[in-house]
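Numbering (the numbering used here), first residue to last: 875 to 1216. Structure first, then comments.
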Amino acid sequence: MAMLAFILLISALVLFIVSTRQWAIWMRGAVWAGGLLLLVVAWLLLGSSERDPELATALGDLAAKWNRPGESMLLRMLESNGATVARMILSLFDIFLFFAVLVGVLALVAFRPGEELENAIRPVMMGMIGAILGGVFALAMVGTGFGQREERQAYAGAASLETVHTAETLLLNGDLLRLRGIDAPEPGQICRLGTRVLDCSEESQRALRRILDGAYVMCALDRPKDAADTARRERIATCTAVKSGGEEFNVARRLVEEGYAVGIDGAFAAEAAEATARARGLSAWCAVRPDAWAQFTQAKKAAFRDKGDYPVGTPMMGTCAPPRVVTRRPKQGSTPVVRAPD
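So this is what it looks like as C-alpha cells:
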C-alpha cells in the first residue's frame, strides 16, 4: 500500500509539471486535475494508516538543538545506522505530500497568461520535484536493504511498557539490548529490610518504566554482534533517553543513581556510593549482588529469603548489616554460613 501511494504521488508530480506546457488552457487544466486526483488517492491510501510518532519526536529534538545539531538524536542515529530511518517512511510521506501540494499550487498559478511567470515557476517546481524524488529514492534504498549495513549499529524508539524487558534489558526494534555497565536484580531475586521481603527485580523494572515514561530512547551498540550475543539473545548497548522537556540522560547511569542497579567493572561507582549513602531505591534494602544470586542454589536463596542467611564472602549490595553469628558449625572444607543481624 505504501509503495502504491508513493508511485501515485510521483505520478501526480509529473502531471503537475506537464501542466505548465504551452497548451490550450482546457488541456492544461485536465492534466492538472489528473495530478490532483492522483494526489488525493495517494493521501486516501495512507490517510488512515498509523503514523510512527518517532519522527516528530526526533525532529523536535533536532529543532531544540539547532545550534549543535551533531548532538541531536536524529543525526547521531543517522551517523550510526541509516537503516533505522526506514521505520519513519510513513511519517515522511506526510512531508512529501505537503511539498507535492505546494508544487500543485505553483502549477495552478502558472496558468495565468504570460511565459515569464511560467518560466520563473518551472525551475522552482523542478527543484522541488527533484528534492522529493531524491528523498523517495534514498528511503527506497534503505527500505529495500541496499542502503543498510550488514549489522544494525543503532536502535531508536519511543519508550512504552513493552520497551522494558527486564530490569537491565530493553526491547527496541525487535532486539533485546542489555544496558552497558550495570547489573540489576535477577528475575525473582529477593531483597530484605529487617524481616520485610521484596521482589527487587519487579521493583527495578517498575523504576525503569517510570524513568523511561514519555522518553525517546536511542541505543548504540558497543561492539559487533558475536556468538555470545547470539547465545543469550541480547546485545550490549549504551542507551540515551530524551524527555519531552529536553532532559537527556544515560539510562544505565540514571538507574544506578536512583538505587535500582549497581555498576560492574568499576562503572558508575560514584553514583552507586551516593545512592547507598542516601538510601535511594533498593539501596535501603539488603540484597546479594545479581551475579552472585544467579549462582546461588535454591537452598541458599531460600535461606536468604526466610532468615537472611548468606555464605561468608558473598558480594552484597545495598544497606546490609555485618554478619554476627555463625548459625552452625561448618563441616571441614565447607564455607561458613552467617546470619545478618535482625
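Just so you know, even glycine gets a beta-carbon here, dropped at the ideal spot from N, CA and C.
For A1033, is the classification buried or exposed, using 16 other Cβ atoms within 10 angstroms of its Cβ as the cut-off for buried? As a working mapping, residue 1033 is identified with position 159 in the sequence shown. Buried, because 16 or more other Cβ atoms sit within 10 Å of the Cβ of A1033.
If you draw a straight line from the alpha carbon of P998 to that of D1049, how long is it in whole angstroms? On the sequence shown, residue 998 is found 124 positions in, with the first residue counted as 1. On the sequence shown, residue 1049 is found 175 positions in, with the first residue counted as 1. It should be noted that the sequence gives Val, not Pro, for residue 998. Cα to Cα, the separation comes out at about 44 Å.
For G934 and A879, I'd like the C-alpha separation in whole angstroms. By 1-based counting over the sequence shown, the position of residue 934 is 60. By 1-based counting over the sequence shown, the position of residue 879 is 5. For G934 and A879, the distance between alpha carbons rounds to 26 Å.
Just to confirm my understanding: we take W917, look at its own chain, exclude 5 residues before and 5 after, and list those with CB closer than 7 Å. What are they? In the sequence shown, the residue the question calls residue 917 occupies position 43. So the qualifying residues of the chain are L971.
Within the same chain, show all residues whose beta-carbon is closer than 7 Å to that of G1120, passing over the 5 residues directly before and after it, in chain order. Sequence index remark: in the sequence shown, residue 1120 carries index 246 (1-based). Correct list, in chain order: A938.
Do F985 and I899 count as a contact pair if the criterion is CB distance below 8 Å? As a first step, residue 899 is located in the sequence shown; it is residue number 25 there, counting from the start. As a first step, residue 985 is located in the sequence shown; it is residue number 111 there, counting from the start. I899 places its beta carbon less than 8 Å from that of F985.
Going by Cα to Cα distance, which pick from S1157, V905, A1081, D1057 is closest to A1141? As a working note, residue 1141 is residue 267 in the sequence shown. Checking every option, the nearest Cα to that of A1141 belongs to D1057.
In DSSP terms, what C1160 is bridged to: For the purposes of this step, residue 1160 is identified with residue 286 of the sequence shown, where counting begins at 1. R1066, G1192, per the DSSP bridge assignment.
Considering just the uninterrupted stretch of the alpha helix (DSSP H) at D1180, what are its terminal residues? Reading the sequence shown from its first residue, position 306 is the one you call residue 1180. D1180 -> alpha helix (DSSP H) spans 1172-1181.
Quick check: L1035 and A1111, are their CB atoms within less than 8 Å of each other? As a working mapping, residue 1035 is identified with position 161 in the sequence shown. As a working mapping, residue 1111 is identified with position 237 in the sequence shown. Going by C-beta atoms, L1035 is not nearer than 8 Å to A1111.
Could you pull out every residue in the same chain whose Cβ sits closer than 6 Å to the Cβ of L1044, ignoring the five residues on either side in sequence? For the purposes of this step, residue 1044 is taken as the residue at position 170 of the sequence shown. So the qualifying residues of the chain are T1037, L1051.
Taking only runs of the beta strand (DSSP E) that begin and end inside the segment 1109-1134, which ones reach a length of at least 3 residues, in chain order? 1109-1116, 1122-1124
What's the gap between the Cα of R996 and the Cα of A1030? Position 122 of the sequence shown, counted from the first residue, corresponds to residue 996. Position 156 of the sequence shown, counted from the first residue, corresponds to residue 1030. Cα-Cα distance, rounded: 39 Å.
According to DSSP, is P943 helix, strand or coil? Stepping through the sequence shown from its first residue, residue 943 is reached at position 69. Note: P943 maps to helix in three-state DSSP.
What number of angstroms, rounded off, separates the C-alpha of P927 from the C-alpha of L1067? What you label residue 927 is simply residue 53 of the sequence shown in a count that begins at 1. What you label residue 1067 is simply residue 193 of the sequence shown in a count that begins at 1. With a pLDDT of 49 at P927, under the threshold of 50, the modelled position of this residue cannot be trusted; read the value that follows with caution. Looking at the two C-alpha atoms, the distance is approximately 42 Å.
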